[in-house]
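These notes are about the structure you will find just below.
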Amino acid sequence: MNVKTTFDKKIYELTYNEQSGFYEVELEAPETGGIYNAEVSFIDLIDNTETYAKKIQIWAKAKIDNTIQGTLVYFLSKTDLSIKDVLEFEDYEYVIDEETNKNTIFNIVQEVNAENGDIVILQRNGKVDYIGIVQEIENEDGAKERKITLRYISNIFDRKIILENADLITKTGVEDFIAKEIYDNFTNSDDDLLNIKWLDVEVKTHTKITKSVDNDNGIFNFHTFINNCSQNYNIVLDFSYVSGKIKLTIYKQENVVQLIDTTIADISNYVEKFETNVIAKVVVKTDTDIQKWYLLSDRTTTQNKSDINRATGNIEVVYTSKAEDARQTALDKFKSNTYNHYISFSINRNSKLFDVEKMKIGTPLSVRTNNNIILDTYISAIKDDGSNFIEITCGNMRVNFIDKILKERNK
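Residue 470, in the working numbering, is where the sequence shown stops; the numbers in between run on with no holes.
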């Protein structure tokens, strides 16, 4: 007997199941929920055609509910961001640390419908706090508890690519270069199967810089490059969840520097790691020459070896292919003096004095220390466990030598 059904404008042929005694078929659910008619027709042994209609209820796809209070964790498919699982989850802590690339660990006492590469969204009181990628799911001896290791969402870019479109950095802006590389290599490459179809990119600012991309024979790690842009040029990559897609907004944050006074009540657990390691000389080898740059005590640089205001410290030798990039390469290296000076503190998420909502990776800050020195820095890491205080770590401190003198005096 031939049995067919028409459902949602598609024709399906049913297969007889000897075990159940029924004709069966798997139907593709429509995108929109509602009541649908399935028109079934069959031809019997004497060639009579019979038809009848059956109503089928289709539930609408689950959506992230931005009104629910409490903490929810959504596990989304890595292919199309469809929801695979939703969990209530109160005991959590996430880490966003672009300098050391630390992982976030979720310990969940139940089975989870997820796999490596899936996207995780942590929503607290209707607001998306964290977006990550499943790196590993572990459980021991068949127990229900799952240890889920996550990386921050920016790690979708953690691979090497071929350098192209570098002229955009000086002609249009480094933000435009980043967006173009994402388009060509991650979202709209010639390999449609592996393209990230759920990522939308928006460029809000256009910062022109005279610096080429450090590469190895035309190959470079894209994630490392964008992290360097955050450290050196205050370029922010802001990920959000909008209308079923991940939206990436790229911009330079320079006019919203917040002054953080570490002596007031909204700031606690202030810790300053102070070291006096200084790069005082950078030798830059290019394909055509060797240039030497020297650090002065006021943080400016010179090529005059005999300048009486030269600072003392260590020597670094670096390479860049183009001679015209030598100065910027040296400046970037001198900035690394500040990598040995970190500040961390906890800040009240409900503070009326600071705009905590706008504090993201790469956000520039001016930090007033206990000895009334103001240090220019940026947010390099955020740790949040859902409590009233968020832990902020600042890196790439732009320190002058008065700070170092004071540190030596206080020994």
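C-beta atoms are modelled at their ideal positions from N, C-alpha and C, and glycine is treated no differently.
Around the C-beta of residue i, are 16 or more other C-beta atoms found within 10 angstroms, so that it is buried, or is it exposed?
| i | result |
| --- | --- |
| serine 365 | exposed |
| alanine 385 | buried |
| tyrosine 401 | buried |
| threonine 64 | buried |
| isoleucine 241 | buried |
| threonine 422 | buried |
| aspartate 443 | buried |
| leucine 296 | buried |
| threonine 452 | buried |
| leucine 252 | exposed |
| asparagine 431 | exposed |
| threonine 108 | exposed |
| tyrosine 300 | buried |
| glutamine 182 | buried |
| asparagine 473 | The question about residue 473 has no answer, for the chain in this structure spans 60 to 470. |
| isoleucine 237 | buried |
Beta-carbon separation of residue i and residue j under 8 Å?
| i | j | result |
| --- | --- | --- |
| tyrosine 329 | phenylalanine 404 | yes |
| threonine 130 | tyrosine 151 | yes |
| aspartate 235 | leucine 227 | yes |
| alanine 97 | lysine 113 | yes |
| lysine 203 | valine 168 | yes |
| lysine 344 | tyrosine 378 | yes |
| aspartate 325 | asparagine 407 | yes |
| aspartate 156 | serine 439 | yes |
| serine 380 | asparagine 368 | no |
| phenylalanine 101 | leucine 86 | no |
| isoleucine 323 | leucine 412 | yes |
Closer than 8 Å by C-beta to residue i: which residues in its own chain qualify, once you throw out the five before and the five after it? Chain order, please.
| i | result |
| --- | --- |
| aspartate 11 | The question about residue 11 has no answer, for the chain in this structure spans 60 to 470. |
| aspartate 177 | Phe134, Leu135, Ser136, Lys137, Lys143, Ile192, Val193 |
| asparagine 198 | Glu204, Arg205, Lys206 |
| serine 248 | Asn254 |
Here's a check: name, in chain order, each residue in its chain whose Cβ is nearer than 7 Å to the Cβ of residue i, leaving out the five neighbours to either side.
| i | result |
| --- | --- |
| lysine 68 | none |
| phenylalanine 284 | Val272 |
| threonine 321 | Tyr329, Phe404, Val426, Arg427, Thr428, Asn429 |
| phenylalanine 393 | Ile338, Val341, Leu354, Thr360 |
| aspartate 391 | Asn291 |
| isoleucine 221 | Gly277, Ile278 |
| valine 316 | Pro423, Leu424, Ser425 |
| glutamine 387 | Thr269, Lys270 |
| glutamate 77 | none |
| isoleucine 70 | Lys63 |
On the premise that residue j lies in contact with residue i, defined as a C-beta separation below 8 Å, what is that separation, rounded to the nearest angstrom?
| i | j | result |
| --- | --- | --- |
| valine 337 | tryptophan 352 | Contact flag wrong, Cβ pair sits at about 14 Å. |
| asparagine 172 | leucine 209 | Incorrect: roughly 16 Å between the Cβ atoms, too far for contact. |
| lysine 306 | aspartate 259 | 5 Å |
| lysine 219 | phenylalanine 279 | 7 Å |
| alanine 382 | threonine 347 | 5 Å |
| asparagine 175 | glutamate 195 | 6 Å |
| isoleucine 294 | valine 233 | 6 Å |
Looking only at its own chain, which residues have a Cβ that is under 6 Å from the Cβ of residue i, when we skip the five neighbours before and after it?
| i | result |
| --- | --- |
| isoleucine 190 | Ile180, Ile212, Phe298 |
| tyrosine 82 | Val62, Leu73, Tyr75 |
| isoleucine 319 | Leu424, Val426 |
| leucine 146 | Val132 |
| glutamine 350 | Val343, Ala385 |
| asparagine 396 | Val337, Ile338 |
| threonine 110 | Ser100 |
Exercise. Counting pairs of Cβ atoms below 8 Å between the region 262 to 270 and the region 306 to 324, do you hit three or more?
Worked result: yes
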